[in-house]
Amino acid sequence: MMSHIQLANVSAILMMLMAPSFTLYAQSAQRYSSPMARLEAVFGAARPAKRAELNGTWVLVTDVYTQQFQTGLNGPDHVLTNREGIRNSDAARQAKHPSSYHDPQQFYWRLMFRHVGNRVQIVSRGEWLRPDGDEENVAFAGNGDFEFEPDFGAEGDFLYRCRMETATRIVCLFHKGGDGLEFRKTAD
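This note's numbering applies: residue 604 is where the sequence shown begins, and numbers increase by one.
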C-alpha cells in the first residue's frame, strides 16, 4: 500500500504528464469561445476558391459581428443565422425594427458570381443596397483568398476576404476584423 507522500508524488507526476493535454484543451476551448473566434477558425481552415466554383447565386446564412466592431465597447458577439438563408424579416427582428423592410421574405443579402471574359464579377443584391445591385470585379490574392468590396452607400473601406469552406459554402472576414459572413450556394 502507498503512503500519502508516495500517492502525492504519483499524482504530481501524472499531473505533469497530463498537463500539456489540459493546456491544449484549454487553449482550443478558449480559441472557439466566441462565435467570431469560431468563424475565424473556419476561415483559417478553409481553402482557396476555384474561379469556376463561384459561379451561381449565394445567400447569406451567418452574419457575426463583435460588440467592439459595432460600438467600440467590449461585449458579446452578435449573431444572425438562418441555414436556409437570412431573410429581411430575420434582420429586422434582430434590429428590433419589424417593419423596416418592404419585402420581409426577400433574402437579406445575395451574391451572384459570373465570369465576364477572364474576370469574375460579383453582383450584391439586397433591399438595403442600390436597387440594381452592386456590381464589381472580384480580386484574387496571391494566397488564394478572393476579395470583394461592396458599395454599401456609405463612406468607408468595406473589403471582405473570402475562402471556400466547402464547395457550397463561402466564409468571409472583414479585412479590419470584427465582422464575418458565411454564404451558402443556392443555384448555378
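Note that CB positions come from ideal geometry on N, CA and C, so glycine has one too.
Please list the terminal residues of the continuous alpha helix (DSSP H) segment that includes residue i.
i	result
L642	638-648
Q670	670-674
L657	654-657
By Cβ distance, which residues of its chain are closer than 8 Å to residue i, with the 5 residues on each side in sequence left out?
i	result
N752	At residue 752 the sequence reads Glu, which differs from the Asn that was named. Around E752: E739, D760, F761, L762, Y763.
V741	L657, F716, R722, V723, Q724, I725, F749, E750, F751
W661	R713, L714, M715, F716, I773, F786, R787, K788, T789
What's the call for residue i, buried or exposed, on a 16-neighbour Cβ count within 10 Å?
i	result
S614	No answer about S614 holds up, because its pLDDT of 35 lies below 50 and its placement is not dependable.
R733	exposed
T769	exposed
A629	Per-residue confidence for A629 stands at a pLDDT of 31, beneath the threshold of 50, marking its modelled position as unreliable; no derived number is given.
S727	buried
In the DSSP assignment, the beta strand (DSSP E) including residue i goes from what residue to what residue?
i	result
F761	From DSSP, F761 is part of no beta strand (DSSP E); its letter is neither H nor E.
E750	749-751
V741	Element bounds for V741: n/a, residue is neither H nor E.
H681	681-684
R728	722-728
Closer than 6 Å by C-beta to residue i: which residues in its own chain qualify, once you throw out the five before and the five after it? Chain order, please.
i	result
L776	F646, R764, G783
F672	G781, D782
L642	V667, G783
Among the options, which one has its Cα closest to the Cα of residue i?
i	options	result
V719	A655, L642, A648	A655
H681	M767, P651, R728, M639	M639
G745	E643, A652, R641, A644	A652
I'd like the list of long-range same chain contacts for residue i, defined as Cβ closer than 7 Å, with 5 residues on each side in sequence excluded.
i	result
R686	V664
T684	V664, T665
A649	R766, M767, E768, V774
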